[in-house]
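Residue numbers (the working numbering): 10 to 494.
This is the structure:
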């Protein structure tokens with residue numbers, strides 16, 4: 010009882026020390042026109058200096074440039090509150106709207122919105138990434154950059170807020186430890202360049218739960234590319250219960266893979282195609298031939314696991330995923346592009362092994378899934394179990410005879426080869442592969458084999474099913490395959 014009494018007294022006294030700074034009470038004008046950066050920063054600084062507490066953003070629109078989070082501060086946005094990013098790049102030092110470096114016990118919470126207005130910072134060009142549209146968009150230089158960037162921070166909570174209109178990456182966790190991202194919504198225009206949803210780089214012990222992301226670029230991506238943190242392993246990452254809408258990749262590890270990755274879980278999530286009626290797709294839709302909506306608004310890959318810059322990627326468990334309209338449901342790639350330090354040295358391939366992907370439903374696919382490496386290297390110990398794919402098909406006999414280039418140094422992407430000689434899976438340079446309880450149905454008559462195996466050692470296949478429109482000369486095609494059951 011005496012111990013409990015002391016605990017209560019300590020908690021009570023701590024709550025007395027916690028400060029609450031309300032922006033309106035401090036004199037901030039919430040009309041979206043008067044710049045409030047200095048006042049917001051003063052509130053954060055005073056809150057941290059007093060031992061910690063909450064900076065409250067009440068309902069209204071508060072215009073701001075770069076704001077620096079400090080230790081022991083909760084930036085709380087009430088329902089109806091908006092932090093509106095300035096469109097004047099002189100208000101950004103550095104190029105982030107909200108940032109922190111070396112802080113601990115920080116949080117951004119509440120039902121309000123952080124809107125970077127980044128879509129006003131993109132310039133139209135004469136090139137196109139959306140066939141056959143006449144234009145695409147690039148970053149204006151200088152520009153406002155990432156919406157939120159946290160570097161070398163620990164005990165971080167991002168909860169319930171809406172992050173909207175990022176000019177570039179939306180939430181960047183760089184070399185952070187012990188992070189919880191829960192229940193946030195990300196909303197970015199689909200014509201924007203490099204508007205990743207959540208980027209996890211050189212970080213550890215990160216949990217992402219219940220997030221709803223709608224963006225142009227990778228929805229959730231784990232990577233290692235910062236020279237300051239070469240050698241720092243990305244590890245212990247859990248992503249679950251999310252809805253991901255993108256025209257790039259749903260859940261991705263790579264492309265930038267200069268340091269190792271391990272112990273990563275992705276589960277209980279949906280990856281889906283945008284609708285042409287979506288407000289944030291309006292500009293993109295104006296560039297697309299109506300006959301191409303199905304592909305151009307679809308994610309390139311649902312699951313993309315890549316090591317192409319020398320990293321060792323080990324220990325990934327993916328389960329209970331539904332994909333709607335994703336072009337290539339699964340893309341696993343080990344190559345030797347040689348980024349980072351390897352650009353000034355002889356590049357060496359890393360490794361990619363110990364992967365389990367189970368209980369996946371993907372319908373509306375149009376590109377075969379693939380598990381590939383390069384000559385002399387192997388993807389190792391991969392298990393694909395309980396997977397159902399419905400894919401377009403329509404492949405010809407000529408496509409069945411294609412021998413894809415190795416593309417050892419190419420940028421890794423599911424559509425990198427063009428036509429592939431299989432309708433369901435293309436497997437090359439793999440050791441230790443299990444395929445069990447997998448069903449792949451083809452919509453249109455396809456003259457390719459369902460699965461093409463090339464240079465595979467240690468293959469186990471059990472209960473693989475397809476339908477009558479798979480009309481290739483064989484269902485399984487083996488080239489240089491050993492130890493098969």
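Beta carbons: idealized from backbone N, C-alpha and C, even for Gly.
Uninterrupted beta strand (DSSP E) stretches inside the region 219-302 (no shorter than 3 residues): 221-224, 229-233, 243-249, 252-255, 258-266, 270-281
Would you report the Cα separation of residue 477 and residue 98, rounded to the nearest angstrom? 59 Å
For residue 437, which residues does DSSP report across the bridge? 381, 463
Taking DSSP as the reference, what is the three-state secondary structure of residue 479? strand
If residue 324 sits next to residue 271, beta carbons under 8 Å apart, how far is it from one beta carbon to the other, in whole angstroms? 5 Å
Taking only the alpha-carbon atoms, compute the straight-line gap between residue 183 and residue 227 and give it to the nearest angstrom. 16 Å
Short Cβ contact (7 Å threshold) for residue 230 with residue 208: yes
Residues of its chain near residue 157, where Cβ-Cβ distance is below 6 Å and the 5 sequence neighbours each way are ignored: 107, 180
For the ligand MN, any of its heavy atoms closer than 6 Å to the Cβ of residue 237? Annotation note on the ligand MN: not contained in the displayed structure, which lists no ligands.
Between residue 266 and residue 234, what straight-line distance do the alpha-carbon atoms span, to the nearest angstrom? 6 Å
List in chain order: all unbroken alpha helix (DSSP H) runs of 4+ residues lying wholly within the region 82-140. none
Do you know how far the Cα of residue 492 is from the Cα of residue 221? 43 Å
Three-way DSSP call (helix, strand, coil) for residue 10 in this model: At residue 10, the pLDDT of 46 sits below 50, so the modelled position is not reliable; the number obtained from the coordinates is stated separately. Three-state DSSP puts residue 10 in coil, outside helix and strand.
On the DSSP bridge assignment, give the partners of residue 191 in chain order. 168, 218
Kindly indicate which residue of 225, 169, 176, 303 has the alpha-carbon position closest to the one of residue 5. Residue 5 lies beyond the stretch modelled for the chain, which goes from 10 to 494, so this question has no answer here.
CA-to-CA distance, residue 344 to residue 145, given in whole angstroms: 29 Å
By alpha-carbon positions, which one of 326, 307, 304 ends up nearest to residue 314? 326
Would you be able to state if there are at least three C-beta pairs under 8 Å between the region 389-396 and the region 418-427? no
Mind checking residue 505: buried by the 16 CB within 10 Å criterion, or exposed? No answer is possible for residue 505: it lies beyond the span of the chain, which begins at 10 and ends at 494.
If the criterion is Cβ atoms closer than 7 Å, does the pair residue 300 and residue 348 meet it? no
Who are the Cβ neighbours of residue 250 in its own chain at under 6 Å, not counting the five residues just before and after it? 218, 219, 277
From the DSSP secondary-structure annotation, give me the bridge partner or partners of residue 374. 400
What residue range is occupied by the uninterrupted beta strand (DSSP E) comprising residue 70? 69-73
Pick helix, strand or coil for residue 38, following the three-state DSSP scheme. coil
Indicate whether the contact test is met: 3 or more Cβ pairs, each with one atom in the region 125-133 and one in the region 61-75, closer than 8 Å. no
Backbone CA spacing between residue 474 and residue 403 [nearest angstrom]: 18 Å
Check this for me: beta carbons of residue 200 and residue 292, under 7 Å apart or not? yes
For the putative contact between residue 202 and residue 259, defined by C-beta atoms under 8 Å, what is the C-beta separation to the nearest angstrom? Between residue 259 and residue 202 the Cβ distance is about 19 Å, and since that is not below 8 Å, they are no contact.
Suppose you measure from the CA of residue 241 to the CA of residue 160; what does that come to, to the nearest Å? 13 Å
Going by DSSP, what residues sit across from residue 186 in a beta bridge? 163, 213
Check residue 150 in the structure and name its three-state DSSP category. coil
Nearest-angstrom Cα separation, counted from residue 114 out to residue 79: 9 Å
Do you know how far the Cα of residue 401 is from the Cα of residue 453? 6 Å
Tell me whether residue 205 is buried or exposed, calling it buried when 16 or more other Cβ atoms sit within 10 Å of its Cβ. buried
What is the rounded straight-line gap between the Cα of residue 102 and the Cα of residue 417? 39 Å
Just to confirm my understanding: we take residue 238, look at its own chain, exclude 5 residues before and 5 after, and list those with CB closer than 8 Å. What are they? 183, 184, 210, 211, 268
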